[in-house]
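Notes follow the structure.
In the numbering used here, the protein residues as written are 12 to 124.
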């Protein structure tokens, strides 16, 4: 699995997990999502970008809390379980955004178990 960080792309090998502590930025429009992505790439923290751009969970900095395998839609779940855990100040996130029936998601994972 390859993921993106502010420092470039990272090749990951992750242990199997049954749940992830996940944040996301959800935008209905692709253009708005790409604006959010540009701010992340410029070094802004994930939660501050989520508060400005996300159309879901914005007040919580995009936090969805702990999610178990099987509780997320397919493409979102696949991406979430492939990401390496990171922090909101130095996030590793999905690039390009993940498309689901809800819109475009920029996803990051804070922890796995």
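The C-beta atom is built at its ideal place from N, Cα and C for all residues, glycine as well. Note that the coordinates shown come from a computational prediction; the quantities given were computed from them, not determined experimentally.
Cutoff 8 Å; reference residue i; Cβ partners in own chain excluding five residues on either side
i: residue 29; result: 79, 80, 124
i: residue 27; result: none
Reduced DSSP category for residue i - H, G, I as helix; E, B as strand; rest coil
i: residue 43; result: helix
i: residue 62; result: helix
i: residue 52; result: helix
Cβ separation of residue i and residue j, assumed to be a contact under 8 Å, to the nearest whole Å
i: residue 47; j: residue 60; result: 5 Å
Same chain, Cβ closer than 7 Å to residue i, five either side skipped, listed in chain order
i: residue 113; result: 37
i: residue 56; result: 99, 100
i: residue 86; result: 109, 110, 111
Residues near residue i in its chain [Cβ-Cβ closer than 6 Å; skip 5 each side]
i: residue 44; result: 38, 108, 115
i: residue 158; result: With the chain covering only 12 through 124, there is no way to say anything about residue 158.
i: residue 122; result: 32, 96
i: residue 73; result: 34, 35, 36, 61, 65
Exercise. Are the segment 50 to 67 and the segment 78 to 95 touching by the rule of at least three beta carbon pairs closer than 8 Å?
Worked result: Result no; under three Cβ-Cβ pairs closer than 8 Å.
Exercise. Counting Cβ pairs, one atom from each stretch, are 3 or more of them under 8 Å apart for the segment 79 to 94 and the segment 47 to 54?
Worked result: No, they do not touch.
Exercise. Enumerated in chain order, which unbroken segments of the beta strand (DSSP E) with a length of 3 residues or greater are wholly contained in the segment 74 to 99?
Worked result: With a minimum length of 3 residues, the continuous beta strand (DSSP E) runs that stay inside the segment 74 to 99 are 74 to 79.
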